[in-house]
Amino acid sequence: KGGKKTFQIYTGTTLVERTYNNSINYFQFSLLPQFNLPFSDKDNQNKAYLNAGGYISFLTGAKEYITEDQEAEQEKDIKESLKASDAGLIFGIGIIAGHFILDVRYDLGLTDIANEALAKDFLKIKNRSINISVGYKGGF
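Residue numbers (this note's numbering): 12 to 151.
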């Protein structure tokens, strides 16, 4: 997870463009019940499905990459600036057609993951993501 934001700021009297690109890594556990919608009563192999549930994730690492006026990039470890865990909801839809699977999910973070005392007064950070998976279902 993570994000990218570009700002134009003054350093002294010079206007510069600064880009912050964050990469946040989690180990995530999900409980995602699935409601199957078969295409027909006789065909159990091909179906659509809906799923919804919750997740909890644990922070494993976080880096921020800062670029100023497209010059050299600085790398900064920001793991201490974030809370050690996140929790939220997941909503998804999918299609199973023969051996192929297409799955689309939306993660909605419910936890403010900002951990710095100074930032808590004016900054709230919540994770949001869209995940698209394409797969092959084999049989033995």
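Quick reminder that beta carbons are idealized off the backbone N, C-alpha and C, glycines included.
Task: Candidates Leu48, Tyr31, Lys16, Asp118, of which the one nearest Ile77 by Cα - done: Tyr31
Task: Nonlocal neighbours in the same chain, by C-beta distance under 6 Å from Asn142, ignoring five residues either side - done: Arg116
TODO: Please report how far the alpha carbon of Lys94 lies from the alpha carbon of Ile106, in whole angstroms.
DONE: 35 Å
Open item on the list: Looking at the secondary structure, which residues open and close the beta strand (DSSP E) in which Ser34 lies?
Closed with: 25-42
Open item on the list: Taking the beta strand (DSSP E) that Phe46 belongs to, which residues open and close that run?
Closed with: 45-49
Open item on the list: Here's the rule I'm using: 16 or more other beta-carbon atoms within 10 Å means buried, otherwise exposed. How should Ser144 be labelled?
Closed with: exposed
Task: Beta carbon of Lys87 nearer than 8 Å to that of Glu75 - done: yes
Task: Closest residue to Ala98 among Glu84, Ile67, Thr71, His110 (Cα-Cα distance) - done: Ile67
Task: Beta-carbon gap between Gly65 and Ile104 smaller than 8 Å - done: no
Task: Extent of the continuous beta strand (DSSP E) run through Ser96 - done: 96-108
TODO: Please check the pair Thr122 and Lys137, which I expect to be a contact at CB under 8 Å, by giving their CB distance rounded to whole angstroms.
DONE: 7 Å
Task: Distance, Phe38 Cα to Gly23 Cα - done: 42 Å
Open item on the list: On the criterion of 16 or more Cβ atoms from any shown chain inside 10 Å, does Asp118 qualify as buried, or is it exposed?
Closed with: buried
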